[in-house]
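Single-structure report; data block below.
Protein chains in written order, with my numbering: chain D, 257 to 486; chain S, 129 to 670.
If you want it as structure tokens, here you go:
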């Protein structure tokens, strides 16, 4: 009886194209279906990296290592010969940092936002949609790390559902960088970062702790990643 | 089979039309001389003789006197047609035993070309030897070429002792020095020259002599080169009523671009540049040109690109005539890979770039580029034109720099991903404020102890850790900052979709930099401008 009810619910969700909300209906991500982050310990825990065709998030406070991790993901993608796109809503990318992170800049499409916060977010989301619909990118990231919480809260949740629908079944791993979880994708991952600067006589780097939040992933524990200032 | 037409009398105007009725592959050898590729015409006419008769009949209908010859090689056909036209081959040797002679046309079966041209005089070769481009001469050098002939051969009847000074063929007069040399050797006909050993001729006369020898044997030095008619890809439409706005223009463009794309497709060409001319009701002409990053002939893509460009550069008045033209180029040949992930096509990338530019503004999308400058925050933006995947995860490599007012490092991977370096840690990234954020800093004993900004979201507080100062300055020789410079895509020229490399404006700077960690663990890069003494936040380590 319970199985029949569950099957009926599944059928109704599928009819409305909402079956991706069922975590049990999602295929188990194989190692080849993930975009590696380039950090071995993190990839081991993530079983290959960020899942392709899913919406993942890198969230954390300021100086928690979000941009460092994002650049590592982009660098790994470009090193594999893939194209990457960065919708830089607040135009915060430091090109020297990207080059130091070994990003192949020729394979990175950098979309720089400008203007007021609300129009800026609107344009950034439209740009993200255009890039995802064009296809052919291994990693597409949108950087909303400096967006005000109120503006982020005003983004309709259906926006992320639509993004998820756009990349579903594709080879693109979509990444949101934000101060707080936004997409909450069932198939994607949320990497919650906390960072602490490392000092001796001068700033040596940032120690980043990555906590993987996912309804579908069994995670053994937090991952500590150190980043050096160069 | 190759046919040759040699005009004897009359105007050469109609000669090309006669040839075009038989085959589209025609090489124009001179004002009154044509070569025709008849390889595909046999199925239409049945026999080479029928082709020759058709050519002669058509020429006679236009009042032209022509010499017609059909042979297996271009050289044989030309020589025989010339001989027939000039009357030098009337001895009949050209047809005896090798070809067919009927109504005056010469038809030589394949394999009998050398015998057919053997009785012709050597002087016929002088003009043809002069016509051949020098590039082909290099391919004819024999591998067994000798530097000097053995002395005992000089008495051999088939080899002649000679002292020949080679001359560049382009400078040769009709009285070719080689011709006089051959006459001194006692050679009179092409057959006489063809009978000499090729290596001996090459040893004495070099590549020029070898060219003559091959021509005398009715062998081709190069394949037939069909003349390519001038290609013009243009479509125009006069409108009954003037139109305004992009939506009605979209339909008009679609109607014009579809036959244009079909024409390009039919000829195996692609559009390198698309020109749009809008004739306005004010009698002005609004012109736009799009330089495409790759040859395209997809009508929908071209229409989208034109419309996106017109969104940014609209016509100032209503339109009553639309003209679309394309500069053709060789079509793009794409071999997809079974091993690599599918990449976006140039059409998709162009459309994406145009859409993003329309959305975010000009110069806001592209590939970042490192600029060879010490100026803080200096960076460049260049067109996003990703290379094909090489599959290399190679070691450090620098792909050079581009010349410009500032050297633009195309891409400088400083280390491969995952490589074992000193610390094996990723590089901490800086989130840079494009416009430095003013800050209020309290300094004690020369060190910042408290930092605060008015920017919402950045906050401030007590300085937990700090290091510095690092003094840096530059650009002091610049009086005032110039505007961002652009290398390509000037307003006069066509609008390039792969627009330009915009460079960071060069400005003077003189400052002390500090790394500062506040109580909330946010780590900033701050600096004090030494000129004004004001403090700013340059970025935040993240």
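For glycine and all other residues, C-beta sits at the position ideal for the given N, C-alpha and C.
### Query
What number of angstroms, rounded off, separates the C-alpha of residue 392/D from the C-alpha of residue 430/S?
20 Å
### Task
Check each residue of the stretch 412-438 of chain D: if its Cβ is closer than 7 Å to any Cβ of chain S, include it; give the result in chain order.
427
### Task
Could you give the DSSP three-state label for residue 160/S: helix, strand or coil?
coil
### Member of 416/D, 297/D, 455/D whose CA lies at the smallest distance from the CA of residue 443/D
416/D
### Query
How would you call residue 273/D, buried or exposed, if buried means at least 16 neighbouring beta carbons within 10 angstroms?
exposed
#### Entry: Which listed residue (440/D, 451/D, 465/D) has its alpha carbon closest to that of residue 310/D
440/D
### Task
State buried or exposed for residue 366/D, treating a residue as buried only when at least 16 other CB atoms are found within 10 Å of its CB.
buried
### Task
Could you tell me how far apart the beta carbons of residue 560/S and residue 505/S are, in whole angstroms, since I believe they sit closer than 8 Å?
6 Å
### Query
Along chain D, in chain order, which residues have C-beta atoms closer than 8 Å to that of residue 650/S?
317, 318, 319
### Query
Using a C-beta to C-beta distance shorter than 8 Å, which residues of chain D count as neighbours of residue 488/S?
367, 368, 369, 370, 379, 383
### Task
Work out the CA separation of residue 247/S and residue 317/S for me, nearest whole Å.
6 Å
### Message
By the three-class DSSP mapping on this structure, what secondary structure does residue 202/S have?
### Response
helix
### Query
Do three or more CB pairs link the stretch 646-664 of chain S to the stretch 568-581 of chain S at distances below 8 Å?
yes
### Collapsed DSSP secondary structure at residue 452/D in the structure displayed
strand
### Query
Should the stretch 145-157 of chain S be regarded as contacting the stretch 233-252 of chain S, the criterion being three or more beta carbon pairs within less than 8 Å?
no
### Message
Nearest by alpha-carbon distance to residue 598/S: which of 199/S, 557/S, 641/S is it?
### Response
641/S
### Query
Along the chain, where does the alpha helix (DSSP H) that runs through residue 322/D open and close?
322-335
### Task
Taking residue 209/S as the reference, give the member of 645/S, 455/S, 346/S, 592/S with the closest Cα.
346/S
### Query
With 7 Å set as the bound, which would you pick, yes or no: does the beta-carbon of residue 347/D sit closer than that to a beta-carbon of chain S?
yes
### Query
Looking only at C-alpha atoms, which of 366/S, 393/S, 389/S sits nearest to residue 380/S?
366/S
### Query
What does residue 154/S reach in chain D if we use C-beta pairs closer than 9 Å?
Those do not exist, as residue 154/S stays about 44 Å from chain D at its closest Cβ, beyond 9 Å.
### Task
In the DSSP assignment, find the unbroken beta strand (DSSP E) run with residue 637/S in it and report its ends.
637-646
### Message
Using CA atoms only, rank isn't needed, just tell me which of 305/D, 469/D, 407/D, 302/D is closest to residue 380/D.
### Response
407/D
### Reduced DSSP secondary structure (H/G/I, E/B, other) of residue 400/D
coil
#### Entry: chain D contact residues for residue 492/S, given Cβ-Cβ distances below 8 Å
367, 368, 369, 370
### Task
May I ask you to list the residues that DSSP assigns as paired with residue 600/S?
639/S
### Query
Is residue 308/S buried or exposed, if buried means 16 or more other CB atoms sit within 10 Å of its CB?
exposed
### Query
Roughly how many angstroms lie between the CA atoms of residue 318/D and residue 405/S, to the nearest whole one?
52 Å
### Message
Run through the DSSP bridge pairs and tell me what residue 510/S is partnered with.
### Response
495/S
### Query
Any Cβ of chain S within less than 7 Å of the Cβ of residue 324/D?
yes
### Query
How many Å lie between residue 342/S and residue 336/S at the Cα?
10 Å
### Query
Which residue's Cα is closest to the Cα of residue 513/S: 353/D, 454/D, 360/D?
360/D
#### Entry: With 16 other Cβ atoms within 10 Å as the buried cut-off, status of residue 606/S
exposed
### Query
When the cut-off is 7 Å and only beta carbons count, does residue 467/D lie next to chain S?
no
### Task
Using a Cβ-Cβ cut-off of 7 Å, state whether residue 194/S counts as contacting chain D.
no
### For residue 387/D and residue 298/D, the rounded distance between their alpha carbons
27 Å
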